[in-house]
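Please read the structure below before turning to the comments.
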Amino acid sequence: LHKTMYVLFLLFQILGAVILGFGIWILADKTSFIAVLQMSSPSLKTGAYILIGVGALTMLMGFLGCLGAVNEIRCLLGLYFTCLMIILIAQIAAALVIYFQKETLKVELSDIVVDLIENYDPSDEEKRNLQDAWDYVQTQIACCGWTGAKEWENNEILRNKSNTEYPCSCSNRSKDLEEGRGFCSLEDPVNGTATYADWPVHEQGCMDGVEQWLKDNLGIILGVCTGVAVIELLGMILSISLCKNIHSEDYTKVPKS
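Residues are numbered in the working numbering as their position in the sequence shown, beginning at 1, plus a constant of 2.
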């Protein structure tokens, strides 16, 4: 039983480090879709700090649980069990909130991206990181706009140029993707004007691309979440079992030499 507990506590140290690292990555990353979200939505930034806190707490729990198992200190094992139960309940609650609020989250995300597209300006250095992150998303997912390329017609710069330019990161031509950001000029526009239908860009909107990515990776996501929940349940069961096997009721027990 002790050996099993040691392995489990080691897993919790690793799990805590992964959660902690993921939270730090969300705050530090500037070149992916996460950057678009965290720079535009305070809720994601708050979530990142929560992840950092949970990761640190998980690592601390692993240490306390290991200490309690090695020295057979029942109060530490009890604390370990309680913290695990709280985290498991919080995770279930968070999953339920995300599930039942998914339409609200989708609308909020749509508003963020549409505002970014309408105000996209390659010469604006203050928004450079945010705009580069969105260009990265469009290039990697091979998409254009949130629901489609038509949204880019609302961009002020493109309107002023009669849509004779288009976002390079939307392009389906490799030479435009080498530029990767800003706007590319349309070749031979009719009467000096054009519409999004004339642009050599991807037809798929990024919303469809993101949803497809989630569907493709749903098994992995559910597998990871289930694995974490199983590890936490095992930790709770083993800590209670070990606690019952400790006959001494002395909560200030001196560590064995």
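For each residue, glycine too, the CB sits at the ideal point set by N, CA and C. This structure is a prediction, so every number in the text was calculated from the model and none was measured.
Per DSSP, residue 168 is one residue of the beta strand (DSSP E) stretching across 167 to 169. Per DSSP, reduced to three states, the secondary structure at residue 186 is strand. Boundaries of the alpha helix (DSSP H) harbouring residue 138: 130 to 143, taken from the DSSP string. By DSSP's assignment, residue 173 forms a beta bridge with 203. Annotation for residue 11: 64, 67, 68 place their beta carbon closer than 6 Å to its own, counting only its chain and skipping 5 residues before and after.
Remark: C-beta atoms of residue 234 and residue 89 approach each other more closely than 9 Å.
In this model, residue 54 and residue 85 are separated by some 16 Å (Cα to Cα). Taking the C-beta atoms as reference points, residue 197 is found nearer than 9 Å to residue 165. Taking C-beta atoms as the reference points, residue 238 and residue 87 count as a pair closer than 9 Å. Judged by their CB atoms, residue 185 and residue 208 are not nearer to each other than the 9 Å cut-off. Rounded to the nearest whole angstrom, the CA to CA distance from residue 105 to residue 242 is 40 Å. Shown here, residue 126 sits in coil according to DSSP, grouped into three states, outside any helix or strand. With respect to residue 79, residue 227 sits apart: the two C-beta atoms are not nearer than 9 Å. Three or more pairs of CB atoms, one per stretch, sit closer than 8 Å, so the region 201 to 219 contacts the region 135 to 153. Exclusion of the five residues before and after residue 83 leaves 238, 241, 242 as the residues of its chain whose Cβ lies within less than 7 Å of its Cβ.
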